[in-house]
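Participant: Residue numbers (the UniProt record's numbering), protein chains in the order written: chain A, 1 to 719; chain B, 1 to 719.
(1) Where in the region 292-377 of chain B do unbroken runs of the alpha helix (DSSP H), each at least 4 residues long, occur, reported from the N-terminal end onward?
(2) Determine the DSSP secondary structure at residue 217 of chain A, reduced to helix, strand or coil.
(3) By DSSP, does residue 705 of chain B sit in helix, in strand, or in coil?
(4) Quick one: grab the DSSP three-state call for residue 97 of chain B.
(5) What span of residues does the beta strand (DSSP E) with residue 401 of chain A cover, start to end?
(6) Could you tell me whether the Cβ of residue 669 of chain A comes closer than 8 Å to any Cβ of chain B?
(7) Mind reading off the beta-carbon distance from residue 398 of chain B to residue 376 of chain B? Whole number of angstroms is fine, and I expect it under 8 Å.
(8) Using DSSP with H/G/I as helix, E/B as strand and the rest coil, what is residue 290 of chain A?
(9) Could you pull the DSSP bridge partners for residue 130 of chain B from this structure?
(10) Within the continuous beta strand (DSSP E) that includes residue 257 of chain B, where are the two ends?
(11) Residue 379 of chain A bridges to which residues according to DSSP?
(12) Near residue 104 of chain A, what residues of its chain come up, given a Cβ to Cβ distance below 6 Å and the 5 sequence neighbours on each side ignored?
(13) Quick one: what does DSSP say residue 174 of chain A is sitting in, helix, strand or coil?
(14) Are the CB atoms of residue 340 of chain B and residue 302 of chain B within a distance shorter than 8 Å?
(15) Roughly how many angstroms lie between the CA atoms of residue 35 of chain A and residue 154 of chain A, to the nearest whole one?
(16) Which residues bound the beta strand (DSSP E) around residue 565 of chain B?
(17) Under 7 Å between beta-carbons, which chain A residues line up against residue 191 of chain B? List them in chain order, please.
(18) Let me see if you follow: with CB-CB separation under 8 Å, is residue 714 of chain B close to chain A or not?
(19) Alpha carbon to alpha carbon, what distance is there between residue 288 of chain A and residue 714 of chain B?
(20) Please report the residue range of the beta strand (DSSP E) in which residue 165 of chain B lies.
(21) Use the C-beta contact count for residue 439 of chain B: other C-beta atoms within 10 angstroms, 16 or more gives buried, fewer gives exposed.
(22) Could you tell me whether the Cβ of residue 678 of chain B comes closer than 8 Å to any Cβ of chain A?
(23) Note down the Cα distance separating residue 344 of chain A from residue 483 of chain B, rounded to an integer number of angstroms.
(24) How many whole angstroms separate the CB atoms of residue 775 of chain B and residue 497 of chain B, which I take to be in contact at a CB cut-off of 8 Å?
(25) Answer with buried or exposed for residue 507 of chain A, where buried requires no fewer than 16 other C-beta atoms within 10 angstroms of its C-beta.
(26) Indicate whether the contact test is met: 3 or more Cβ pairs, each with one atom in the region 224-235 of chain B and one in the region 294-313 of chain B, closer than 8 Å.
(27) Does the beta-carbon of residue 707 of chain B have 16 or more other beta-carbons within 10 angstroms, so that it is buried, or is it exposed?
(28) Return the chain-ordered ranges of every alpha helix (DSSP H) run that is complete within the UniProt domain "Alpha glucuronidase N-terminal" (29-148) of chain B and spans a minimum of 4 residues.
(29) Over the uninterrupted beta strand (DSSP E) stretch that includes residue 424 of chain B, give me the two end residues.
(30) Among B:62, B:585, B:564 and B:549, which one has its Cα closest to the Cα of residue 555 of chain B?
(31) I want to see whether chain A comes within less than 8 Å of residue 233 of chain B, judged by CB atoms only; does it?
(32) With residue 459 of chain A as the anchor, note down where its beta strand (DSSP E) starts and where it stops.
(33) Hey, how far is the Cα of residue 143 of chain B from the Cα of residue 217 of chain B?
(34) In or out: residue 357 of chain B buried (at least 16 other Cβ within 10 Å) or exposed?
(35) Under a CB-based cut-off of 8 Å, is residue 25 of chain B close to chain A?
(36) Since residue 141 of chain A and residue 156 of chain A should fall inside the 8 Å C-beta cutoff, what is the C-beta to C-beta distance between them, to a whole number of angstroms?
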């Protein structure tokens, strides 16, 4: 073989070796304004040759810069900045203050429907020339409108006939960061806390700006910086100064800073003997502390409080009620227009007969006793962010109290940052649930947006899934959950599939075959997790403390309601938690219409069957199968669904960035392994009670039950 | 005012608001191949129209892809891939295996001088046509050559007459990661560990590839993944599988994986009764463990061991010597060609009369007793990575033993990741120090590169300053320390200023005025830190445990040699540690020539004065000033130098990326505050002993000494 032949043979053999130079994959989220296909771009260019955008403040400046930079990226054309509408297509952006002449145009009428934060995007004609107008009553609305407009372009939407007028249905749209001051993140799976407290306030990491930008682009307008399991140090001057530096960075993006307050701070910081909310000295301490905070952060949003829950101090330590505690803080905040978000996720000292009933039992009697600036923050379900829970019975049950929703965006119980689980469907499922509190159509969404009971103070919170990971969320698809949360916070009635498609287009582009493949994958992904983790209404089966992997065998801990056996109740006779009148009667906390939907095991939807009922293993399902067969079918089906997701993803090779493609491939392979682990551990564990065989045709688990029970995982993140 | 006028006035007022859309600043390090100025690019284009680069393996593929991508970025021209040299300028890249015909050309002669890892870059003529040739004996050399060539272009070098032939003077060029399995990093100030152990081996974070790439680009060929304060779990199968996944990613970049081994692992993992290195069962356990490691990682590099130091277990627990311990591991590794790096940073159970003498006292007698695959890893100085230390007395003192250098790239004692301190000067200062072990020119560099005593096994380690920070190192200029470490590992004789300039050009471009301003800033930066922290040979004055900020008052701890007063010895009579024959005689550990340089306070260089001497406050310095006046002068001068750095940086506004500009501005302001803190605390502390006034014209500290003594810092990173 001569040298050249040899080289050629080398060359032939090394196609496999071709590697991309890895990039900072995913850092730009849905805001990576790469060039659109020529055909699409050409369609936009002529309508966007000029930009008329008078800048009145820093928020305007950001919006303008975003438009200029993004249009350059998307179209390869930077519009000319002009002072008057041009003959060719002008993009006109502003408010009645910066574009007073527009109020006289027909388009100005839409302003009445935009409120403080909404915006309009309209194709129109100004002086006979085509124009696209982004209009809002405030600069914040303009900023939201600018991002929305860019989203339309990313999605390839026709902008010659746009007519969008929108305003958020929920006033406070927050992220909750469970970030500790040492930068660990409780239930964080995307690295560590974004807040580099040690180097604040002096060093303003550019990532803070990018964080604010990402949130503004999806309408989030507040952020609670620190963990609800709060350290009182957060309220000391050095940390307030650090928080103020963040607030300064976030402010032009329309984002307010909130803090989790430790209820016992008057003792720990103030040297007081107690933290009794009726003690005038305690009240005085909080009044002064709040005044101090507002000196650092003039537009401080308020406090989030976890009290008398999982060991946190609270008013009950002094024989006072949650309302006493919340109102004391509310009184301190009221002169500054701050709010108190008081969590309903509470624990009694005693082990309850049914943990699911606790929040309702404690808070329902307090309805009407809270100050006007208190909002009770309620998790979507009564247990704890499980893969599926029925909606929390408090929704609709406290008509005189603003109730806000707490969703968990971070996937504590849905596979951390390795499992692809689009949560738009989970969020929507809860929001669309009907409480029947005021007849049909009394959806949870209408409780949250205040329309059901006429509440004007409305709010929603999502426990953030962000961290130091280059792509922010650890899993590329977990970005979609941050995105979906923002969209649903703006409009709780929004459609989860539409949001998913929007995210896909903004993230991966407009390839029809890719969207056609990935949209169903996303929409089914959370159900797959439910199937291989907690099907048929099962819940709380996860590993001890770190919550990683299966742990249906968890028992004999300090509290029964922290164990798995408490929840699944599996024994020789059957499985499931009887929450009907014959059991804990948690179902009695719901309206009669809801009760009726769930109380009969023959008609209760399969999804919630074992949440509400304890049933024999040979219970006959609607399908005709036994409960045991159906249970196995879900576990095995969930694993098969993940294999299906792998196949769908593999077919996208070449259609997405090769680095992201490989990341998702890796993660789906991990997810498949974890799904098998869940399936095998749970099926074997429950089989010892059912005594029934794994249905024919399904492969046997690779190991005996003991193997799974003895698996140890070290240094699991998030605790 | 009519509406338009109002808008115009708005516009005029808001220039201040113009913000950049923040980018992922600094992620690309010195490898951000942005377009060169047209004039420079045009000069290169015609010599680089074609690329002849036969690809034989994955390393070649990486090098080729890097060249294609970078040339596209730098020149806006992607060379055509060709099979034979072209008439126009061809870039020819390969090895004798892939370009056998080149061996016959004159240029092939250089191969003899390149060794296994070196490369040549030559402008030449092939068949009468101009060509640029990157040649090496191995693909690894080719990769190094490709990066070096791109560095030439970034620096605007003339490539029509390049004639470079180089090979590394040190064989093993390692990073030491003090990374714990929970992702905290001991003495890490750039976020958290890059290794996402929980998601390994399945999820291969793209950042691992970027890490390997960055290291390969500066010639680093090994990495110790875990902290020297080691957890035995690292040696268990699940973690070995994770380490193997990293090794697979690093391998094509020429980087081997090493692990820190916990000496007591046979007890903790193996269930043995002891870890006595002479116990056959212990030896057997290590033999099997090492064989197991090599099954996971066939090219595993070996172990790094911290034993009998700061509470770590070691052979002395069983009455054995460091040589006994190291040799046992060496015997286990030897069949697999692995090495043991045994750290000389050791502690006695007893408090020594002078901590500086400990390593020498323990290791010098062991010279000649180590196996051939043991390297003793010695810190640059005898205390602990202080802002300035004289070179470690072990260098030159163990002629029969390979000694490797341990530098600290992370700035444990030089201001963490907020202080700009270019460490090339620190590293060089030690490497250029003359031990006189074999007459003049017996530099530390020649100990490290093996030339002084004919050692063939040579190595160097740098404690990494990398982390999850977007820019890898926390401070944009700390990237220069990673870069400089790599360059000095390749050639310990390299010039620190040349390296700094190279880094500046690759990072910020070739603006002459910028280089002219920033190069002196970098070169003086470490001296500024010395001045405001530990001037005149003072050392170990930092805060307790976290090592943040000043703590000259630290005393009464469990060991005297962990306190500050042990080291500075300040009292009414004077200050400094007498290490001459009248004191601890640590100076006696050096050769007579070195002793002579330091033993007389009248001639001892100021930089080391109080390292070796205890002197009265009114000691007359060479300058004529008193010691006290000079000490104050250094502290105040250091702060002034930082102010000077701020001014120099401010003058670069507009010349560097605006995001990075703001980051460095922020950090210099923090550094200025910290410098004042150090100055005021130290001057006030020492003043209580000197009883002398702060020299006229210098501003008084803002607070009394007690203020500084009572400052508390919470959640300081790195511990």
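Yeah, the Cβ is synthetic: ideal placement off N, Cα and C, and Gly gets one too.
Facilitator: Quick answer:
(1) You should have 322-333 and 358-363.
(2) Correct three-state label for residue 217 of chain A: helix.
(3) DSSP, reduced to helix, strand and coil, places residue 705 of chain B within a helical segment of the structure shown.
(4) Coil.
(5) Counting along the chain, residue 401 of chain A falls outside any beta strand (DSSP E), and DSSP gives it neither H nor E.
(6) For residue 669 of chain A, the nearest beta carbon of chain B is closer than 8 Å to its own beta carbon.
(7) With a Cβ gap of about 7 Å, residue 398 of chain B and residue 376 of chain B count as contacting.
(8) Note: residue 290 of chain A maps to helix in three-state DSSP.
(9) Listed as beta-bridge partners of residue 130 of chain B by DSSP are B:125.
(10) Residues 256-260.
(11) In the DSSP output, where bridge partners are listed per residue, residue 379 of chain A has A:406.
(12) Beyond the five residues adjoining it in sequence on each side, residue 104 of chain A comes within less than 6 Å, by CB distance, of no other residue in the same chain.
(13) In the three-state reduction of the DSSP assignment, residue 174 of chain A falls in the strand class.
(14) Closer than 8 Å, so yes.
(15) Taking the CA atoms as reference points, residue 35 of chain A sits about 9 Å from residue 154 of chain A.
(16) Careful: residue 565 of chain B lies outside any beta strand (DSSP E), inside the alpha helix (DSSP H) at 565-568.
(17) Contact note: residue 191 of chain B reaches chain A through 192 and 468, using a C-beta cutoff of 7 Å and chain order.
(18) Yes, because at least one Cβ of chain A sits closer than 8 Å to the Cβ of residue 714 of chain B.
(19) Residue 714 of chain B and residue 288 of chain A have their C-alpha atoms spaced approximately 23 Å apart.
(20) Residue 165 of chain B -> beta strand (DSSP E) spans 163-166.
(21) Residue 439 of chain B should be labelled exposed.
(22) Not one chain A Cβ lies under 8 Å of residue 678 of chain B.
(23) Residue 344 of chain A and residue 483 of chain B: Cα-Cα distance of roughly 53 Å.
(24) With chain B covering 1 to 719 only, the question about residue 775 of chain B has no answer from this structure.
(25) Burial check for residue 507 of chain A: the Cβ neighbour count within 10 Å reaches 16 or more, so the residue is buried.
(26) Output reads yes: the region 294-313 of chain B touches the region 224-235 of chain B.
(27) Exposed.
(28) Under the rule that a run must span 4 or more residues, the alpha helix (DSSP H) segments found entirely inside the UniProt domain "Alpha glucuronidase N-terminal" (29-148) of chain B read 38-45 and 58-75.
(29) Counting along the chain, residue 424 of chain B sits inside no beta strand (DSSP E); it lies in the alpha helix (DSSP H) bounded by residues 424-432.
(30) Of B:62, B:585, B:564 and B:549, the smallest CA-CA separation from residue 555 of chain B is found for B:564.
(31) True, the Cβ-Cβ gap to chain A drops below 8 Å.
(32) Unbroken beta strand (DSSP E) run through residue 459 of chain A: 459-463.
(33) When rounded, the distance between both Cα atoms is 8 Å.
(34) Classification for residue 357 of chain B: buried.
(35) So yes, residue 25 of chain B belongs to the interface.
(36) Incorrect: roughly 25 Å between the Cβ atoms, too far for contact.
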